[in-house]
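See structure below.
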Amino acid sequence: MKIEVADVTKRYGEAVAVSGLTFTVEPGRVTGFLGPNGSGKSTTMRMILGLDTPDRGDIAIGGHRYRGLVRPMHQVGALLDATAVHPARTGTAHLRALACANGIAPSRVDALLEQVGLGSVARRRVGGYSLGMKQRLGIAGALLGDPSVLMFDEPVNGLDPEGVRWLRDLLRDLAAEGRTVLVSSHLLSEMSQTADHLIVIGRGRLIADTSTQDFIADGSAARVIVRAPYGGDLARVLIADGAAVEARGDGTLAVTDLTAARIGHLAHEAGLELHELRPDQASLEEAFMQLTADAVEHRALAAELTGER
Amino acid sequence: MSMLTATARLATVGPAAWFKGLISAETVKLRATRSTYAMLTGATALAVGIGPLVAKSTASRWPHLTAAERAGFDPMATTFRGFEIAQLIIATLGVLAVSSEYSTGLIRTTFAAAPQRRAVLAAKALVIGAIALLIGTALSFATFFPTQALLDPTGTSLALGHPGVVRALLAMGVYLTAIALTGLGLGTLTRSTAGGVAGLFGLVFLVPGAVSALPAPWNVRIGTWLPGDLAGQLTGLHLQAGALSRPASLIVLLLYPIVFLGLAAIRLHRQDA
Chain A
1 MKIEVADVTK
11 RYGEAVAVSG
21 LTFTVEPGRV
31 TGFLGPNGSG
41 KSTTMRMILG
51 LDTPDRGDIA
61 IGGHRYRGLV
71 RPMHQVGALL
81 DATAVHPART
91 GTAHLRALAC
101 ANGIAPSRVD
111 ALLEQVGLGS
121 VARRRVGGYS
131 LGMKQRLGIA
141 GALLGDPSVL
151 MFDEPVNGLD
161 PEGVRWLRDL
171 LRDLAAEGRT
181 VLVSSHLLSE
191 MSQTADHLIV
201 IGRGRLIADT
211 STQDFIADGS
221 AARVIVRAPY
231 GGDLARVLIA
241 DGAAVEARGD
251 GTLAVTDLTA
261 ARIGHLAHEA
271 GLELHELRPD
281 QASLEEAFMQ
291 LTADAVEHRA
301 LAAELTGER
Chain B
1001 MSMLTATARL
1011 ATVGPAAWFK
1021 GLISAETVKL
1031 RATRSTYAML
1041 TGATALAVGI
1051 GPLVAKSTAS
1061 RWPHLTAAER
1071 AGFDPMATTF
1081 RGFEIAQLII
1091 ATLGVLAVSS
1101 EYSTGLIRTT
1111 FAAAPQRRAV
1121 LAAKALVIGA
1131 IALLIGTALS
1141 FATFFPTQAL
1151 LDPTGTSLAL
1161 GHPGVVRALL
1171 AMGVYLTAIA
1181 LTGLGLGTLT
1191 RSTAGGVAGL
1201 FGLVFLVPGA
1211 VSALPAPWNV
1221 RIGTWLPGDL
1231 AGQLTGLHLQ
1241 AGALSRPASL
1251 IVLLLYPIVF
1261 LGLAAIRLHR
1271 QDA
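Going down the list, the protein sequences come from chains A and B.
Per the numbering used here, the first sequence runs over residues 1 to 309.
Per the numbering used here, the second sequence runs over residues 1001 to 1273.
Written out as structure tokens, the structure reads:
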């Protein structure tokens, strides 16, 4: 089942949260929903779940509007906000209420709590859970109905490194089983390790809808980190080819205006040894920020020119 | 290990089974929340405690009362003296059934799990209504017997078989149900515990005060339509002058939850969760 978002606009009073947003989330892969905080990711997810109604446009899951689904957890599982739990209830009770409303057996609740690693605290009150434990509880809730569409809003928040690895494996497994998986994040570095496909938004508008590989390849032109035993010689070769090279304190070179492939090729031709050659992750993040920030500025400028707002 | 070894199958579900699921979900929530028990305990202590206390002190003062005071004494009203406060607690249970979901954000999970919001509200209303009716009626009877026993020395005590007594005791259960459901409606409309409780407090305590300050005959005419007064009309053994007929007062009482829940259902359906 696909998630189809078609020309959706949502305003809250004067503020435009989402504007003319169109994208499709395909099954069988992990789709990252990427954008800075406040870019409209959560709003979009709420609209997909029928919680907020778009002012314009349409959203369908497997061809249906969410609010028309009966016992929807069998088709769509979602975690929007892990902290949105009643602190006085136990993990078991929290999930059991959801299970009841969707005709899911209580045994399934116990099994899932065990599988997400909350078996030992299932009968403790949720108020005492850490954020990571609440994330696991929310993920268990999303999986309760064995749905073919899964949606998680910033699920990594609060997870420890082991939990992050667990979540990545889980997301990949779910996608490998042919499910539609949409995961939001404001960190490109995190999404680049999990998502096969990226939908990038800034200020409620679509910026990119592309494979993660392509998105990173585009962005990686920004800066490449090189470690070479004869750094000085290599720097001269690269500068001669039009690159800007900066020697960094740790003995590496930060190269801009050349791709990693071109740098490797030049080093090979010059017979210079390389020990490390990688796109600078930090610069990727910067490029992403730049991209979304540009979108914001362009729009503000355009609005000013056309007298909008 | 795959996360999804157990499969949760979607059987084609009939409307009755579907709605039953919503009711069990609300029952699970209420039973799994400690404050439910604390509040019911508090309501019980107040309701069952205060009536007999007042009865005991009345009985001890009885020899010193004037004839007029004795004639004006109402043994049925004495039974329900603790219910003035207890009703607020029971009604707050209704407010909390929905407002706690708004304050924690859980309401979104609830509506994602069951997008038919008006049906969710109906399920909440059934569960809260059933508890209020059950507990309210039980408290009513449980308070009646000790109160009347302690009034025995005054010679005014009522037996269960006295005309109108059973009707009055049942009416208090119905009144508490109506006020609890009004609380649920107010909690849904205000989306806040403070707002819902303030609304209840206003309806039960402040509005009657304001209305009684109106010029006659409006103070009585409007006053008889207010919940607190309706409780007195429904549970009194004798109709007071200017009071509504019993069927009329029952209908007016039921209008409160109907109107507030109706408005709440409209708001739930139309507005963003």
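Ideal Cβ positions, reconstructed from N, Cα and C, are used throughout, including at glycine.
Item	Value
Which residues share a DSSP beta bridge with H64/A?	I61/A
Between the Cα of S184/A and the Cα atoms of G62/A, Y12/A, D196/A, T259/A, which residue gives the shortest distance?	D196/A
Output the residue ranges of the beta strand (DSSP E) runs that lie fully inside the stretch 49-132 of chain A and measure 3 residues or longer, sorted by chain position.	56-61, 76-79
Should L150/A and R179/A be called a contact, given that it needs their Cβ atoms to be closer than 8 Å?	yes
Does T31/A have its Cβ less than 8 Å from a Cβ in chain B?	no
For Y1175/B, name the three-state secondary structure that DSSP assigns.	helix
For G1049/B, which of helix, strand or coil comes out of DSSP?	helix
Quick one, which of A97/A, Q193/A, M289/A has its alpha-carbon nearest A208/A's?	M289/A
First and last residue of the beta strand (DSSP E) that includes V30/A?	30-34
Helix, strand or coil: which one does DSSP assign to K1056/B?	helix
Following the continuous alpha helix (DSSP H) through H197/A, name the residue where it begins and the one where it ends.	Looking at the DSSP string, H197/A is not in any alpha helix (DSSP H); the run it does join, the beta strand (DSSP E), is 197-202.
DSSP three-state label for L1200/B, please.	helix
Given that F1111/B touches chain A, what residues does it touch there, using C-beta distances under 7 Å?	L51
So with CB distances below 8 Å, who are the chain B contacts of L69/A?	P1115
Answer yes or no: do V121/A and I59/A have a C-beta to C-beta separation smaller than 8 Å?	no
To the nearest angstrom, report how far apart T1007/B and R172/A are at their CA atoms.	Here T1007/B scores only 37 on pLDDT, less than 50, and its place in the model is too uncertain to base an answer on.
In terms of residue numbering, what span does the alpha helix (DSSP H) encompassing R1118/B cover?	1117-1151
Quick one: list the residues of chain B neighbouring V85/A, beta-carbon separation under 9 Å, in chain order.	T1104, G1105, L1106, T1109
Can a CB atom of chain B be found closer than 8 Å to the CB of N102/A?	yes
With respect to the beta strand (DSSP E) encompassing F152/A, which residues constitute its N-terminal and C-terminal limits?	149-153
Looking at C-alpha atoms only, which residue of R1270/B, V1013/B, G1051/B, L1030/B is the closest neighbour of A1149/B?	G1051/B
What are the boundary residues of the beta strand (DSSP E) that includes A1159/B?	Taken as a continuous stretch (DSSP letters only), A1159/B belongs to no beta strand (DSSP E), as it is neither H nor E.
Decide if E1101/B is buried, meaning its Cβ has at least 16 other Cβ atoms within 10 Å, or exposed.	buried
Quick check on L258/A: does DSSP put it in helix, strand or coil?	coil
Using a cut-off of 8 Å between C-beta atoms, extract the partners of D1272/B located in chain A.	R46, L51, D52, T53
Could you please tell me which residues of the stretch 1029-1042 of chain B, in chain order, have their CB closer than 7 Å to any CB of chain A?	K1029, A1032, T1033, R1034, S1035
Below 8 Å on the Cβ atoms is my guess for A348/A versus R89/A; work out the distance and round it to an integer in Å.	Nothing can be reported for residue 348/A, as the shown portion of chain A is limited to 1 through 309.
With a cut-off of 8 Å, does the C-beta of V1013/B fall near any C-beta of chain A?	yes
Would I139/A and I61/A qualify as a contact pair, given that the criterion is a beta-carbon distance under 8 Å?	no
Take the Cβ of E1026/B as the centre, count every other Cβ of all protein chains shown within 10 Å, and call the residue buried at 16 or more, exposed below.	buried
Can you tell which of T1147/B, T1066/B, A1132/B, W1225/B has its C-alpha closest to the C-alpha of G1183/B?	A1132/B
Comparing alpha-carbon positions, which option in T252/A, V224/A, A217/A lies nearest G232/A?	T252/A
In whole angstroms, give me the CA-to-CA distance for L1046/B and R96/A.	33 Å
Under the three-state reduction of DSSP, which class applies to R1108/B: helix, strand or coil?	helix
Is T43/A buried or exposed, if buried means 16 or more other CB atoms sit within 10 Å of its CB?	buried
Would you check if the distance between the CB atom of S1103/B and the CB atom of G1187/B is smaller than 8 Å?	no
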